[in-house]
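Undergrad:
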Amino acid sequence: MAFERSIKSAIIKETGEIIQSDDYFKNKQNGDEIRTEYNRSNITFLCLECKQKLSLSKSNKRTFYLKHFPNSEYCELKEESLSIREQEVYNEILIAKESPRHIFLKNKIGELLKETKDVSEVKIDQYFIFNDKGEKRRPDVYCKYLDKEIVFEIQLSNLSQKYILGRHDFYKAKGMYLIWILDNFDVEGNTTTELDIKYLFKHQNYFRFRDASNFRLNCKFKQTHLNAINQFYDKWNEVDITLDKLQFDERNNEVYFYNFLKNKNEVQVIQKRNQIVLEKTRKEKEEQKEQDRIAYEIHNFIQAIGNEKEKYKPNFNRLKKKLNNYEEAEIEFLNQKLKLDERGKLFIWFEKSSESDYDFLRFILGSYDIDLDVNKTNKSGQNVFYYLFNNDEIYQKEKFLKLLFRRGFKFEKKDHSILKDYFKDSYDNFQRSNLVFELANNTPKWLIDTLFEYKSQRVLCVIESCLNKKIVGFKIKGWIALFNYAIHNFSEYWEYIEKALKSNNLFDEMIAIDKKGTFQNKLKKHNNSQLEHNRDFNDLFQHLYPELCH
Numbered sequence: 013m014a015f016e017r018s019i020k021s022a023i024i025k026e027t028g029e030i031i032q033s034d035d036y037f038k039n040k041q042n043g044d045e046i047r048t049e050y051n052r053s054n055i056t057f058l059c060l061e062c063k064q065k066l067s068l069s070k071s072n073k074r075t076f077y078l079k080h081f082p083n084s085e086y087c088e089l090k091e092e093s094l095s096i097r098e099q100e101v102y103n104e105i106l107i108a109k110e111s112p113r114h115i116f117l118k119n120k121i122g123e124l125l126k127e128t129k130d131v132s133e134v135k136i137d138q139y140f141i142f143n144d145k146g147e148k149r150r151p152d153v154y155c156k157y158l159d160k161e162i163v164f165e166i167q168l169s170n171l172s173q174k175y176i177l178g179r180h181d182f183y184k185a186k187g188m189y190l191i192w193i194l195d196n197f198d199v200e201g202n203t204t205t206e207l208d209i210k211y212l213f214k215h216q217n218y219f220r221f222r223d224a225s226n227f228r229l230n231c232k233f234k235q236t237h238l239n240a241i242n243q244f245y246d247k248w249n250e251v252d253i254t255l256d257k258l259q260f261d262e263r264n265n266e267v268y269f270y271n272f273l274k275n276k277n278e279v280q281v282i283q284k285r286n287q288i289v290l291e292k293t294r295k296e297k298e299e300q301k302e303q304d305r306i307a308y309e310i311h312n313f314i315q316a317i318g319n320e321k322e323k324y325k326p327n328f329n330r331l332k333k334k335l336n337n338y339e340e341a342e343i344e345f346l347n348q349k350l351k352l353d354e355r356g357k358l359f360i361w362f363e364k365s366s367e368s369d370y371d372f373l374r375f376i377l378g379s380y381d382i383d384l385d386v387n388k389t390n391k392s393g394q395n396v397f398y399y400l401f402n403n404d405e406i407y408q409k410e411k412f413l414k415l416l417f418r419r420g421f422k423f424e425k426k427d428h429s430i431l432k433d434y435f436k437d438s439y440d441n442f443q444r445s446n447l448v449f450e451l452a453n454n455t456p457k458w459l460i461d462t463l464f465e466y467k468s469q470r471v472l473c474v475i476e477s478c479l480n481k482k483i484v485g486f487k488i489k490g491w492i493a494l495f496n497y498a499i500h501n502f503s504e505y506w507e508y509i510e511k512a513l514k515s516n517n518l519f520d521e522m523i524a525i526d527k528k529g530t531f532q533n534k535l536k537k538h539n540n541s542q543l544e545h546n547r548d549f550n551d552l553f554q555h556l557y558p559e560l561c562h
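Residue numbers for the sequence shown follow the working numbering, beginning at 13 and rising by one.
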């Protein structure tokens, strides 16, 4: 491995010449001559960093090198932790510090600071600052401004991050404010040095010296803005400022002209406020788009209902399925468009419909998502029952009436007269229908079909006749004739009739008046037949007559 000198450069005190160690001691014969002059005290080597005298030594292989004396004071170049690359970079920095430009800048800055108001104790490249560890730094320029201590470091060459951090952390720990004079610094550049310096300062303010008759700095600072779509973007601005325009961030020990952090926070507040507006606008657009979609969908749906209604054999299954899949918003919009109650459509339909409209009305009344009040009356005080029983085009009125009862229709006293008038030539049919319709008021919709079955209606009339001891819904005269009729025609329901018959001693009375024994013979024959009872009727019976089920 080739020998690496830790001190790459030095200055000859007698001539002011800066030497490169590798070149200066390259020739061993020259090295011996130089060593002789050194030992005669005719030549003195000084450290570029600390300006202390350096010792000229020779290795076993006759390699000449410079080093600090063992008892010399602290110097960064004495640090054994520096890598070879860091030594090289450090050497470049020290050489740059002796360049004409660097010397001009530090002297000019110092001279103008001395003439600046509220500035005192200006020191140019001659003031060492120590910390409690014995470490020291020598800034290019030091001064006091009001109650603040400011140090200036001039950057002309690439700086290592270790060098940058070493000065930044050192001065910060001392409570001093470091201003880097970045003579050839590109704030938008991406070199290692540029990035290291940029990410070190929170306020993103960078300074150049502005050569003028008074002390001025050119400050480049970053401003955060919002674009048209509320996104952040940064823009660099610059301005020439005097020392009194600087602000001091005591928390971060940072000097700045433009408060980037405050600006960023203010823009963030604006962005959040804008975002609320943008989000509201976006939601409004989405909602409007959804409303338009729903309006289009419901328009087509209503048209499809009308088209299906006009068909010879309509089939509403597809529309029923679609309706069942609608979301709440779609159903709400559908009802807003239909307004069936407000427009009195149910009265119109039952007034003008015919048997062929059954599937349509079954779809409407069976769709519970469609708002519809089947108990509503119009301005004339008439309800849907009135229009149904006054519509001669609907023959199977019970078929349509079941749709209404399943939807929650209530048969009221005023409907009795309509029904009585309708059955004016058949009192027994009036009684039967009147009874069934009244029972329908308290029958759940899933039992309505059972209630309206032909045999169910007549069996219920027999049961009610038993309970009230008065024949209802039949032209039959006499109890024996009624029960003979019932046990013969409704034998599969006799179990339920018998419970009613025995509930109030009517059964014993029937046995007593059955002088010819016709009823008893039919009963005996029935009991021996072991016919299966109608179990479909059982749920209806239990619901209507729970007191008879014990």
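Just so you know, even glycine gets a beta-carbon here, dropped at the ideal spot from N, CA and C. Remember, it's a predicted structure, so these values are computed and weren't measured experimentally.
Between the C-alpha atoms of R17 and F142, what's the straight-line distance to the nearest angstrom?
TA: Distance between the alpha carbons of R17 and F142 is about 27 Å.
Undergrad: For F244, report the span of its beta strand (DSSP E) as first-last.
TA: Looking at the DSSP string, the run of the beta strand (DSSP E) that includes F244 is 244-253.
Undergrad: Quick one, are the C-beta atoms of V289 and W248 less than 9 Å apart?
TA: Cβ atoms of V289 and W248: not closer than 9 Å.
Undergrad: As a quick exercise: from E110, C155, I483, pick the residue whose alpha carbon is nearest that of R444.
TA: For R444, the nearest C-alpha among the options comes from I483.
Undergrad: Report the CB separation of L255 from V153 in whole angstroms; it is logged as a contact under 8 Å.
TA: Contact doesn't hold; Cβ gap of about 12 Å is too wide.
Undergrad: Secondary structure at M13, three-state DSSP: helix, strand or coil?
TA: Low per-residue confidence applies at M13: pLDDT is 49, beneath 50, and the placement is therefore not dependable, though the value from the model is reported in the following sentence. DSSP places M13 in coil when its eight states are reduced to three.
Undergrad: What residue range does the beta strand (DSSP E) around E266 cover?
TA: Taken as a continuous stretch (DSSP letters only), the beta strand (DSSP E) holding E266 covers 266-268.
Undergrad: Which residue or residues does DSSP assign as beta-bridge partners of D261?
TA: E266, per the DSSP bridge assignment.
Undergrad: When every heavy atom of the ligand MG is checked, does at least one fall within less than 8 Å of the C-beta of K109?
TA: Of ligands this structure carries none, so the ligand MG is not represented either.
Undergrad: Taking the Cβ atom as the reference point for each residue, do E342 and E367 lie within a distance shorter than 9 Å?
TA: Not closer than 9 Å, so no.
Undergrad: Do I360 and N402 have their C-beta atoms closer together than 9 Å?
TA: Taking 9 Å as the Cβ cut-off, I360 and N402 do not qualify as a contacting pair.
Undergrad: Can you list, in chain order, the residues of its chain with a C-beta nearer than 7 Å to that of E507? Leave out the 5 residues immediately preceding and following it.
TA: Within the same chain, E507 has close Cβ partners H545.
Undergrad: Please classify M13 as buried or exposed, where buried requires at least 16 other C-beta atoms within 10 Å of its C-beta.
TA: With a pLDDT of only 49 at M13, under 50, the local geometry of the prediction cannot be trusted, and no value is derived from it.
Undergrad: Does the Cβ of H215 have 16 or more other Cβ atoms within 10 Å, making it buried, or fewer, making it exposed?
TA: H215 is buried by the Cβ-count criterion.
Undergrad: Under 8 Å by Cβ, that's how I've got N103 and S21 pegged, so tell me the actual separation to the nearest angstrom.
TA: Going by Cβ atoms, the distance from N103 to S21 rounds to 5 Å, so yes, they are a contact pair.
Undergrad: Tell me the DSSP bridge mates of I162?
TA: Beta-bridge pairing links I162 to C155, Y189.
Undergrad: Looking at the unbroken beta strand (DSSP E) that takes in E133, where does it start and where does it end?
TA: E133 -> beta strand (DSSP E) spans 131-136.
Undergrad: Exposed or buried, H500, counting other C-beta atoms within 10 Å across all chains shown (16 or more means buried)?
TA: Exposed, because fewer than 16 other Cβ atoms sit within 10 Å of the Cβ of H500.
Undergrad: Let me know the secondary structure DSSP gives F397 once reduced to three states.
TA: Helix.
Undergrad: Distance, Cα to Cα, K321 vs D369?
TA: K321 and D369: Cα-Cα distance of roughly 7 Å.
Undergrad: Using 10 angstroms around the beta-carbon of G393, count the other beta-carbons present and answer buried if the total reaches 16, otherwise exposed.
TA: The residue is exposed, with fewer than 16 neighbouring Cβ atoms inside 10 Å.
Undergrad: Determine the burial state of P112: buried for a count of at least 16 other Cβ atoms within 10 Å of its Cβ, exposed for fewer.
TA: Classification of P112: exposed, given that the 10 Å Cβ count is below 16.
Undergrad: With a Cβ-Cβ cutoff of 9 Å, do F227 and T128 count as a contact?
TA: In this structure, T128 lies closer than 9 Å to F227 by Cβ.
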